[in-house]
Amino acid sequence: MVDSLESLSGRAFDVAVIGAGINGAAAAQELAAAGYKVLLVDKQDYAAGASSRSSRILHCGLRYLAPGTSAWEFVRNPGKFGVAMRMARNALIERDEFVQKSPDRAKPSTFFYPVYKGGTYAPWQMRIAFAILNALAPKGIPVGSRRYGRKSVADYPILGLLRDADKLADVFSFEEYVFDWPERICVDCAMDARRMGAVVRNYTSVTGLQFDHSAKRWTIQLSDVTEGGATAVTAGHIINAAGVWIDKVNAFGSNSAPRKIFGTKGANIVVRLPDGCQGYGIAGLNQIQEPIYARPWGNLHYIGPTETVFEGDPDDVYADEDDIGFLLKEANYLFPTLRLKREDVIYTWAGVRPLTYDPAYPKGKRSMEIHDLGNDGMPNTIAITAGPIMTHRIAGQQLLAEIAKQVKPSGQPKKLDTSGRTFTARGEAPISPLLPAVTASQIQDIAKTEQCFSLIDIMFRRARFGWTETMGSDVAADVASIVADELGWSAERARSEVADYLDYLATYHRFHPAGVRESQNA
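Next comes the structure, spelled out in C-alpha cells:
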C-alpha cells in the first residue's frame, strides 16, 4: 500500500525526510508523533543501505573509550576524551532503552576481552574503562563486566582457541547485545510513522531541490524508481538522512555545500566455530590495532569488521576477496588452531559507514553530528552524519528537537509505538524450520501492507530468511509463490524474482546454495 506519485502532486509537508535508513525512519516516526506533516522517501528500500550492513552490535560503549595508539592520547587531547565519554554515555542510554522496550530485537551474549602482556592495553586500563562504563550506565541494563584471569581459559572453549595462551595477562568479560535484525527495526519505524499519518515511500528518488525564498519552502522533485513517473511536492524543512549519499543530495540544493560524509567500508565473514563456542564472543584488536570481534550469530559466528577508506560506488558494496582474505588472516591470528580457509566462509556482508568528514580524522569522525546547512546555501535544512543504529532513538529525538526550534507542528501529537511487528506461529506450520515463528499468512500480510517490491525486500528486510545459515535459498521459491497473488506476480515473474534473489546472494554475500552446510538455525 503506497501512495501513488500522482496523489502526491503539489502536496505540502512540514518536513521532508530524505533517506529511510534507521536515522531517517526514526526521525520520521518522532516527527509524526509530534504532529508534523511528514514525507519520508528513499531511492532504495527501507534499511537497504548501511542500516542493513552494520556489525549489529548494540554496544556498551567500550570501543569509544579506546584512546587510539597511546594511552596518553586522551590526556593530550581532552576534547577527544569528552567526545568519547558522550558517545559511550549515549550508547549506554540507547542500549538500556532499546533492550527494555524491544527485548525481542536484541539478544545478550557474553563477550571476552583477552589482554596480552606487552599488548596495546594493560589490565589496569581495562579496569578503568569498565569502571567508567559502569558509572555512566543507567540502572536498568548492567554492563556486566567481570575479571576472569588466565585460569578461566580452560572453562570456556572459545577462550581455548585464543593465540599465545602463555602471554595472556588477563581476561575480562562483559555483556553485549547483538541486534537480531536491524532491518526490521527500521521498517517498523517507517510503518509506525505511516500509521501516524506520515507519507512514506521507498523506491522514490529525489531528483531536484529548489528553495523559494519568498515562500520559505522547498520544492522537491521526486521520481518513482520501480514504475516510472515523476512529481513535485513542497516542504518547509528538510532533513537529509541519506547516509553515504548525503553529499549527492545536498548537491541538488546547493552549489556550495561542503563535504559532510567520509565513507569507510566494513566487511564481515560468517564461519562456524567448534561446539561449545555458541553464545560467546571475543572482542579485541587485530594486527593493525583496529577493533575486531567474533560475534555469536545463532550457531555461527561472524568475524570483523574491516575498516578501509571507501571511494567507490555506494550502490555496489560487497566483501571482495581482499576483504575476505584479510579477515581470514585476522581470524587465524585470533584463533590459530582453527586454520580457517576460504571454503569455511559460509557467507559475507559489507557496507559503508556514513561517518562525518573531518580532516583531523583520517578515517572519519565517528561521533554523530547534526549539521545546519543554512550557511551552505540550503535554508531550513539539516543533515545527520555518523549516526549508528544503536543510537537511532536518540538521533530521532535530536532531529525532532532541531526542527521544533524552527517551526511548530501543523497537527496534533500522537502516541508513538516502538513494539513493531511480532512473529508468532499460532499453530500454523512455518515456512522454514530455521524460522519456526514465520508462517505463510504472516508473509502474505507483509506483502499486502509493507510496501514490498521484490523478493529481496521480503527475504531480508520484512522477514529474516536471508540471515539464516541457508540465507533463505532453500525457501525462496516457496516465499515467491506465497506472495505472488498479493503482489500481482505471474509465474514467470516469480521465477525471475527467485533467480534475482540467488544472484543477489552470490554477488553481495558471496553465497552459493551448493555450498550450504548442514542446516542449523542461524
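When you number the sequence shown by my numbering, it's gap-free, plus one each residue, and the end is 1994.
Positions of the beta carbon are idealized from the N, C-alpha and C atoms, including for glycine.
Given 8 Å as the limit, is there contact between the segment 1722-1742 and the segment 1771-1783, that is, 3 or more CB pairs closer than that?
The way I'd put it, the segment 1722-1742 does touch the segment 1771-1783; three or more beta-carbon pairs between them come closer than 8 Å.
Grab the span of the alpha helix (DSSP H) containing Arg-1567 for me, first residue to last.
First-last of the alpha helix (DSSP H) with Arg-1567: 1550-1573.
Own chain residues within Cβ distance below 8 Å of Ala-1522, not counting five before or after
Counting only residues of its own chain and dropping the five nearest sequence neighbours on each side, Ala-1522 has a CB closer than 8 Å to the CB of Gly-1493, Gly-1715, Val-1716, Gly-1823, Val-1824, Arg-1825 and Pro-1826.
Candidates Pro-1763, Gly-1482, Ile-1565 and Ala-1935, of which the one nearest Pro-1908 by Cα
The shortest Cα separation from Pro-1908 among Pro-1763, Gly-1482, Ile-1565 and Ala-1935 belongs to Ala-1935.
Among Asp-1627, Cys-1661 and Arg-1673, nearest to Glu-1478 - alpha-carbon criterion
Nearest C-alpha to Glu-1478: Arg-1673.
Taking 9 Å as the cut-off, decide whether the C-beta atoms of Val-1513 and Ala-1504 are in contact.
No.
Can you tell me where the beta strand (DSSP E) holding Glu-1922 begins and where it ends?
Following the DSSP letters along the chain, one finds Glu-1922 in no beta strand (DSSP E), marked with neither H nor E.
Cutoff 8 Å; reference Phe-1602; Cβ partners in own chain excluding five residues on either side:
If we look at Phe-1602 and ignore the five residues flanking it on each side, its Cβ neighbours are Leu-1534, Val-1615, Ser-1617, Phe-1644 and Phe-1646.
What is the DSSP secondary structure of Trp-1961, counted as helix, strand or coil?
If DSSP states are grouped into helix, strand and coil, Trp-1961 belongs with coil.
State buried or exposed for Tyr-1805, treating a residue as buried only when at least 16 other CB atoms are found within 10 Å of its CB.
Around the CB of Tyr-1805, fewer than 16 other CB atoms lie within 10 Å, so the residue is classed as exposed.
Please classify Ala-1687 as buried or exposed, where buried requires at least 16 other C-beta atoms within 10 Å of its C-beta.
If you draw a 10 Å sphere on the C-beta of Ala-1687, you find fewer than 16 other C-beta atoms in it, and that means exposed.
Helix, strand or coil for Asn-1712, going by three-state DSSP, please let me know.
Shown here, Asn-1712 sits in a strand according to DSSP, grouped into three states.
Quick check: the Cα distance between Ala-1702 and Arg-1483, rounded to an integer number of angstroms?
Rounded to whole angstroms, Ala-1702 to Arg-1483 spans 13 Å at the Cα level.
Taking the alpha-carbon positions, what's the His-2034 to Lys-1880 distance?
Residue 2034 cannot be examined here, being either before or after the span of the chain that is shown, 1473 to 1994.
In the DSSP output, what is Asp-1517 paired with across the bridge?
Residue pairing by DSSP places Asp-1517 in no beta bridge whatsoever.
Nearest-angstrom Cβ-Cβ length linking Ser-1913 and Glu-1900, presumed shorter than 8 Å
Ser-1913 to Glu-1900, Cβ: 6 Å. Contact.
Between the Cα of Asn-1852 and those of Phe-1683, Arg-1599 and Ala-1520, spot the shortest distance and give me the residue it belongs to.
The shortest C-alpha separation from Asn-1852 is found at Phe-1683.
Report the rounded CA-to-CA distance for Gln-1572 versus Leu-1564, giving the unit in angstroms.
Roughly 12 Å between the two C-alpha positions.
By DSSP, does Ser-1524 sit in helix, in strand, or in coil?
Of the three classes helix, strand and coil, the one that applies to Ser-1524 here is helix, per DSSP.
First through last residue of the alpha helix (DSSP H) which encompasses Ser-1479:
Counted as a single uninterrupted DSSP element, the alpha helix (DSSP H) harbouring Ser-1479 occupies residues 1477-1480.
Starting from the Cα of Ala-1594, find the closest Cα among Ala-1803, Gly-1756 and Gln-1870 and give me that residue.
Ala-1594 has its Cα closest to that of Gly-1756, out of Ala-1803, Gly-1756 and Gln-1870.
For Leu-1681, name the three-state secondary structure that DSSP assigns.
Here Leu-1681 sits in strand by DSSP.
Do you know offhand how far Arg-1567's Cα is from Thr-1857's?
Whole-angstrom Cα-Cα distance: 20 Å.
Determine the DSSP secondary structure at Glu-1648, reduced to helix, strand or coil.
Collapsing the DSSP output to three states places Glu-1648 in a strand.
Option nearest Leu-1634 by Cα separation, candidates Ile-1764, Val-1671 and Phe-1807:
Of the candidates Ile-1764, Val-1671 and Phe-1807, the one whose C-alpha sits nearest the C-alpha of Leu-1634 is Phe-1807.
Is Gln-1693 closer than 9 Å to Ala-1704 when the C-beta atoms are compared?
Taking 9 Å as the cut-off, the beta carbon of Ala-1704 is found closer than this to the beta carbon of Gln-1693.
Taking Cβ positions, are Ile-1842 and Ala-1832 nearer each other than 9 Å?
No, they are not a contact pair.
Secondary structure at Val-1587, three-state DSSP: helix, strand or coil?
Note: Val-1587 maps to strand in three-state DSSP.
From Pro-1834 to Met-1557, what distance separates their C-alpha atoms?
Taking the straight line joining both Cα atoms gives about 21 Å.
Are Gly-1770 and Gln-1750 touching if we call contact CB-CB under 9 Å?
With contacts defined as CB atoms closer than 9 Å, Gly-1770 and Gln-1750 qualify as a contacting pair.
Please report the straight-line C-alpha distance between Ala-1662 and Phe-1570, rounded to a whole angstrom.
Inter-residue distance for Ala-1662 and Phe-1570 is about 17 Å (C-alpha atoms, whole angstroms).
Once DSSP output is grouped into helix, strand and coil, what is the label at Arg-1599?
If DSSP states are grouped into helix, strand and coil, Arg-1599 belongs with the helices.
Inter-residue Cα distance where the pair is Lys-1837 and Thr-1828
When rounded, the distance between both Cα atoms is 5 Å.
How is Ala-1994 classed by DSSP in three states: helix, strand or coil?
Note that Ala-1994 has pLDDT 40, beneath the 50 cutoff, so the model's placement of it is unreliable and the number below is only indicative. Correct three-state label for Ala-1994: coil.
Can you tell me whether Ile-1754 is helix, strand or coil according to DSSP?
Ile-1754 falls in the strand class under three-state DSSP.
Taking the alpha-carbon positions, what's the Asp-1747 to Val-1625 distance?
Answer to the nearest angstrom: the Cα atoms are 15 Å apart.
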